[in-house]
């Protein structure tokens, strides 16, 4: 994380130096101002990426934070975004429509505390909505599932999944 920030700051310094050294119709003051804004933007982007790397994906089930690990992978295909957590044993993933107001088609939450949970658009008992802020998706709703200790009794649990696509 620190290396990423250092690289971004070093890169920004190179950009500033390069832009100041280039001749053009702009005055040196305008060049420095433009280069400074570019550098600030690069540092802000690197800082945001570093924060996400530390925070990572988050999952809450029935009001309790769940320990989840894995790299977030996202791919767009056929008007949908496929989101998956790689390198995890829980089987966490989601399918949403593309765009700034995504529609949740399905969510696989996996198995926690002996309960397998998920949401499927159109299936009874569950519901889910999503918001998008940049590359970050927050998916909230009610998942349906089965308690393996009592598989004949279906259940529902509220959930919230937050991931940032790389």
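Residue numbers (the numbering used here): 530 to 695. Ideal Cβ positions, reconstructed from N, Cα and C, are used throughout, including at glycine. As the structure is a computational prediction, the values presented were derived from the model and not from experiment.
Delimiting residues of the beta strand (DSSP E) encompassing residue i
i	result
residue 679	679 to 693
residue 609	609 to 615
residue 675	665 to 676
residue 515	With the chain covering only 530 through 695, there is no way to say anything about residue 515.
residue 629	Taken as a continuous stretch (DSSP letters only), residue 629 belongs to no beta strand (DSSP E), as it is neither H nor E.
residue 657	656 to 662
Cβ-Cβ separation, residue j to residue i (assumed contact under 8 Å), whole Å
i	j	result
residue 520	residue 657	A query on residue 520 cannot be resolved here, the shown segment of the chain reaching from 530 to 695 and no further.
residue 631	residue 659	5 Å
residue 633	residue 694	Not quite, the Cβ-Cβ distance comes to about 15 Å (not below 8 Å), so this is no contact.
residue 591	residue 686	5 Å
residue 588	residue 610	In fact, because the Cβ distance is near 18 Å, the residues do not count as touching under 8 Å.
residue 508	residue 683	There is simply no residue 508 to check, as the chain begins at 530 and stops at 695 in what is shown.
residue 619	residue 640	7 Å
residue 615	residue 599	5 Å
Per DSSP, the bridge partner or partners of residue i
i	result
residue 619	Answer is none; residue 619 lacks a bridge partner.
residue 647	637 and 673
residue 605	610
residue 590	593 and 688
Legend entry - Three CB pairs or more closer than 8 Å across the stretch 662 to 669 and the stretch 640 to 647: no
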